[in-house]
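Asks:
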Amino acid sequence: MIEEDMKQPSPVALHKALERVWGTPPGLARLAAVNHNILGKRFMLTALVFFAVGGLLAMLIRTQLASSESAFMDAEQYAQSFTMHGSIMMFLFAIPFFEGVAIYLLPKLLGTRDLAFPRLTAYGYWCYLFGGGTLIAALLGGVAPNSGWFMYPPLSSNSYSPGINSDVWLLAITFVEISALSAAIEIMVTVLKLRAAGMSLDKMPIFAWYMLVVAAMMLVGFPPLIIGSVLLELERAFHLPFFDPSRGGDPLLWQHLFWLFGHPEVYIIFLPAAGAISTILPPLAGAPLAGYRMIVAALVAMAFLSFGLWVHHMYAAGIPHVALSFFSAASALVAVPTGIQIFAWLATLAQGSARFSVPMLHMFGFLCTFVIGGLTGVMLAMVPFDLQAHDTHFVVAHLHYVLIGGFVFPMLAATYYWLPHLSGRQPVQHLSYAAFWMVFIGFNVTFFAMHLTGLRGMPRRIFEYPIESGWETLNFISSMGSFVMAMGFALVALDFILLFRFGRRRRRNPWGAGTLEWAMATPPPSYNFASLPSIERRADLLDPDRLGSQLASGKGYLGAPNRGRMELLAVEMISGNPEHVVRLPRRTFLPIWTAAATGCFFLSLLFKLYWLTPITFASVILLFLLWSGDTAEKTDVGDLPVGGGLKLPPHGETARPPSWWAMVFALAADATAFISLLFGCFFLWVSAPNWPPQQLPQVALAGPAIAAIALLVAAWAGRSAAARSPDAIGWLALTGFAQLVAAATLTWLAVAALPDPRSHAAVSSVFVVLAYAGLRSGLGMVISGYGIWRIRRGYVSERRNVDLRLGVLWHDYSAVAGLAAAGFPFVMASLAGELSR
Amino acid sequence: MINNPLMSIMAGLLLWSVVFVVLYGVQATGCHLAEDKVSALGDWPGLRATLTALFLVSFAAVVLFYFLARRRHRRPDTGTEAFRREVAMHVWLAAAIATPFCFGGVVWLSLCGT
Ligand code: HEM
Ligand SMILES: [Cu+2]
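For the protein sequence lines, the chains are A and B, in the order given. Residue numbering for the first sequence follows our numbering, starting at 319 and increasing by one per position. Residue numbering for the second sequence follows our numbering, starting at -13 and increasing by one per position.
(1) Could you pull out every unbroken alpha helix (DSSP H) segment of at least 4 residues lying fully inside the segment 723 to 792 of chain A, listed in chain order?
(2) Could you give the first and the last residue of the continuous alpha helix (DSSP H) run that contains L9 (chain B)?
(3) If distances are taken between C-alpha atoms only, which option among A:A514, A:N483, A:R565, A:D485 comes closest to A1079 (chain A)?
(4) Where S477 (chain A) and L816 (chain A) are concerned, what is the direct C-alpha to C-alpha distance, given to the nearest angstrom?
(5) Taking all protein chains shown into account, do 16 or more other C-beta atoms lie within 10 angstroms of the C-beta of D1074 (chain A), making it buried, or fewer, making it exposed?
(6) Could you run through the segment 630 to 654 of chain A and flag, in chain order, every residue whose CB is less than 7 angstroms away from some CB of chain B?
(7) On the three-state DSSP scale, how would you describe G65 (chain B)?
(8) For a test of your reading of the model: does the CB of H708 (chain A) fall under 7 angstroms from any non-hydrogen atom of ligand 2? Yes or no.
(9) Under 8 angstroms between C-beta atoms, does L54 (chain B) make it to chain A?
(10) Under a CB-based cut-off of 8 angstroms, is R1094 (chain A) close to chain B?
(11) Name, in chain order, the residues that DSSP records as bridge partners for R710 (chain A).
(12) Name, going along the chain, the residues of the segment 507 to 524 of chain A whose beta-carbon falls closer than 9 angstroms to a beta-carbon of chain B.
(13) Residues in the segment 691 to 710 of chain A with C-beta within 7 angstroms of chain B's C-beta atoms, listed in sequence order?
(14) For V629 (chain A), is the beta carbon positioned less than 7 angstroms from some heavy atom of ligand 2?
(15) Using the beta-carbon count (16 or more within 10 Å), is I1158 (chain A) buried or exposed?
(16) When burial is assigned at 16 or more other CB atoms within 10 Å of the CB, is V640 (chain A) buried or exposed?
(17) Does any residue of chain A have a CB that is nearer than 8 angstroms to the CB of S96 (chain B)?
(18) Rounding to the nearest angstrom, what Cα-Cα distance links A84 (chain B) and R673 (chain A) in this structure?
(19) According to DSSP, is L543 (chain A) part of a helix, a strand, or is it coil?
(20) Should the segment 381 to 392 of chain A be regarded as contacting the segment 463 to 479 of chain A, the criterion being three or more beta carbon pairs within less than 8 angstroms?
(21) Does the Cβ-Cβ distance between M277 (chain A) and V652 (chain A) come in under 8 angstroms?
(22) Would you tell me roughly how many angstroms separate the C-alpha atoms of P841 (chain A) and A351 (chain A), rounded to the nearest one?
(23) Given this structure, state the Cα-to-Cα distance separating R1155 (chain A) from L558 (chain A), to the nearest angstrom.
(24) Does K873 (chain A) pass the burial test, meaning 16 or more other C-beta atoms within 10 Å, or should it be called exposed?
(25) Does the distance from the CB of T666 (chain A) to the CB of L617 (chain A) come in under 8 angstroms?
(26) With a CB to CB cut of under 6 angstroms and the five nearest residues on each side skipped, what residues in its chain are close to S750 (chain A)?
(27) At a threshold of 7 angstroms, does H898 (chain A) count as lining ligand 2 (C-beta to nearest heavy atom)?
(28) Output the boundary residues of the alpha helix (DSSP H) element that contains L1149 (chain A).
(29) Taking DSSP as the reference, what is the three-state secondary structure of G961 (chain A)?
(30) Expressed to the nearest angstrom, what Euclidean distance is found between the alpha-carbon atoms of L996 (chain A) and G772 (chain A)?
(31) Please tell me whether, using a cut-off of 7 angstroms, the distance from the CB of H581 (chain A) to the nearest non-hydrogen atom of ligand 2 is below it.
(32) Nearest by alpha-carbon distance to T694 (chain A): which of A:Y528, A:Q744, A:L512, A:A715 is it?
(33) Taking 8 angstroms as the CB-CB limit, is P1024 (chain A) close to chain B?
(34) So, with DSSP's three-state summary, where would you put Y875 (chain A)?
(35) Use the C-beta contact count for L747 (chain A): other C-beta atoms within 10 angstroms, 16 or more gives buried, fewer gives exposed.
(36) Spatial neighbours of V955 (chain A) within its chain, please: CB distance less than 6 angstroms, with the 5 preceding and 5 following residues excluded, ordered by chain position.
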């Protein structure tokens, strides 16, 4: 271990000192909490509340379907129920729950004290809570979304859903998505930069690999859905046609954008659960994880392949055979890496001698269910079969076998496994078994019966069926099963409550695990590790018991909180060598305020108070700018001693701090959004009816040329500013001015130079592309203004110029995207004009 | 060849994705432009030739890269570097299998219409 070169406090004194810096007092300060322990638990608990609401809706659905021609609900109530059930389960339960698990566990498994951007975690949480709350409020008010969880237009368009219902979905889900995107960025940066010293890529705990891949998938998967939602909302609110075939739109565009997200989504939900299994199976089986490298390769393969099969949800939509073959093949192929994982688990089990335990029981539940779900999935991936079973209860049964089998059971296993960590107590076992069997049996009865009703032709999403259909007995059995399952979940909840109430306090590492989260006291202190570990072996083959006491007595890095700041270690991405010291921001109410302002922004759109929209948007930006104050330094800090004679610079004085990477990933998400937008426009040209338009989206050359030059100037001046910091005010002013010119020109082109964007999709798509680029340039102006302000306040020096380098990234990408946007009217006009004839 | 290890791990399937997008794009555009030239079988020879050529080139490239990755993996090495090479090789193998499996259909399946 590292010899401490600062004066060595006793473990208790060290604990007290660290707790003063990292702890969150009770009371109102909790609303300002940014600590990942608190927020992780908060995410998980909130997700469980939403699970209960979604489960309640499922019970209502099953009650309705239990008998034929039931009068319990009418068509509208039923539509709201299943739409909200699906949306809540996918967006407000599954994703946030694993985000919570990751937020809570990742820093511990990686051997660090928090995530890279604690305030962003808090902001994400509030966005999730407020967005989810909006949906629930709509449900209580009887105006919940009712077009199914995938919201297909034209069903969700104005003509069929004139009310506010669809707007609620589009806006609230987009609001919630902010938390998913921020979690994705945060997880990627944390895994790549904030690890224990010596934890090279090949020594990472396997869960970190899973979460890295999942986060990357989220970063690419969510933007298409957000773009789709924005376009649909633009059509609903401002009549810009994108999905309306009479004006050159195409409802199929929604299906593409939605499933471009939707299928990866299934893997986004499954992989964290699989990661939990790969982490908890080895200690439970008493053998190290088999095939670590194969699993990493399989993860990468799954991530890519799962994006290549979105169209398999659209087989019934009429798509040429070759194109179908691409997607059908990818769908079948993705089973291979899934199989590799399962074999790695079986091999692990075979090497060890598994002890029987409650988590094992849930893992058994997972394996049975998931394999069946996989088999029915392979059946559905076959085009002819899918055309038969499409939109029947067979599909409903399949998706629940996959989702409950692939997510709920593994997560229950993980919860039982980590509850002793979270609570510091051992479970009271008796109830756990009964609870498991009730869930398991109830689940299989419910959904096995649905396979059969589906094969007998019962369509999904119908609120009643005739007596003559012969579906009643099976439906009744299914509903009874679902009540048994519900009672099972109630028992699980009771079991957890009993554990917190009556569980005995026992030794730290009850499962004999080799991962770092057990090298700390349980329940964990706010700072996780009193000093940070340095590891030489793979991070799931360690000895946490020995390591834990060493770290508690301060024999690791950063064990002396004598600077009074929340500090942790950033490492070089690949080798895991210590690189710099990250000094985290303190507790603050800014995240909750910013999220509230963001909520007002969405509400102004929802209630069509458009005069309020710019005001709320500006206040969101303003509040975000206020975040920057906390970690700023007025002088160069210089290298800081971190223990073991090692001195490292603080993050503000290093080339690539976490915020730099966060900007890179944020721009990657931004680029994905832009590319899916362009793909959408191109798709409409290829396949929508009623093309070519009567009026082409033609503009004169001058406008786009001015915008293009301004964008290039901005990028060049931004670079010069960063190179000459801190004497860069002039350059930044030039950047800002150029961005202003670009923003004004692009906006003018969109608003005034084009024909009416409501006339045809060719025009509306050019409009949106230009508006997107204009908005980016407007923000570029804010960013350069911010740079000037930072220089004026003395926050920038030659060494401390991260702010300006973040600007460089922004302006560079603005130039690329803006040039594409400036050229887009010409591309679209010539496609729509010449080539269509 | 590729320096960032994360990129080199992904490279095989990244290439596969690009091929996917290109083939899908060419097929859709081709069918759109060839509307009146398409035969009863939903075919247009120029388009099939283009797609087949693209497919064969990408297939050859992926296989070639796989063998290169395998050779590199054979070289003795330890630690992170060995890990990276092995994972990259597996991923190239996945791409080498996925390419013909997913895109082989361009050679014989009907291109336009349904
Ligand atoms: C707790 C037990 C559950 C029961 C009894 C249940 C029951 C049902 C039923 C009967 C439907 C079909 C409604 C219809 O098409 O008419 C349905 C749809 C759906 N369920 Fe569940 N479900 C449960 C849990 C879950 C979970 C945990 C998830 C996701 C993680 C989920 C996701 C969905 C989705 C996405 C739909 C499709 C909604 C739509 O068609 O728009 N369900 N569920
Ligand atoms: Cu799918």
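Cβ atoms here follow ideal geometry from the backbone N, Cα and C, with glycine treated the same way.
Replies: Taking the coordinates as given:
(1) 727 to 741, 748 to 773
(2) -9 to 19 is the span of the alpha helix (DSSP H), which, as asked, contains L9 (chain B).
(3) A:R565
(4) 52 angstroms
(5) exposed
(6) G636, I637, P638, H639, V640, A641, S643, F644, A647, A648, L651
(7) Looking at G65 (chain B) - three-state DSSP - the assignment turns out to be helix.
(8) It does not: the Cβ of H708 (chain A) is nowhere closer than 7 angstroms to a heavy atom of ligand 2.
(9) no
(10) It does not: the Cβ of R1094 (chain A) has no partner Cβ on chain B nearer than 8 angstroms.
(11) According to the sequence displayed, residue 710 (chain A) carries Thr and not Arg. Note: T710 (chain A) is bridge-paired with A:P777 in the DSSP secondary-structure output.
(12) L510, S518, L519, D520, K521
(13) none
(14) no
(15) Given that chain A is displayed from residue 319 to residue 1155, the structure contains no residue 1158 (chain A) and the question cannot be resolved.
(16) By the C-beta density criterion, V640 (chain A) is buried, having at least 16 other C-beta atoms within 10 angstroms.
(17) Cβ-Cβ to chain A under 8 angstroms: yes for S96 (chain B).
(18) Looking at the two C-alpha atoms, the distance is approximately 39 angstroms.
(19) helix
(20) no
(21) This structure cannot speak to residue 277 (chain A), because chain A is shown only from 319 to 1155.
(22) 18 angstroms
(23) Low local confidence applies: a pLDDT of 46 at R1155 (chain A) is under 50, so the model's placement there is unreliable, with the coordinate-based value given in what follows. Cα to Cα, the separation comes out at about 24 angstroms.
(24) buried
(25) no
(26) V676, D813
(27) no
(28) Premise fails: L1149 (chain A) is in no alpha helix (DSSP H) and is neither H nor E.
(29) strand
(30) 38 angstroms
(31) yes
(32) A:A715
(33) Looking at the sequence provided, one finds Ile at residue 1024 (chain A) rather than Pro. Not one chain B Cβ lies under 8 angstroms of I1024 (chain A).
(34) If DSSP states are grouped into helix, strand and coil, Y875 (chain A) belongs with the strands.
(35) Here the sequence assigns Gln to residue 747 (chain A), which means Leu is not the residue at that position. It counts as exposed.
(36) Cβ neighbours of V955 (chain A) beyond the five flanking positions: P968.
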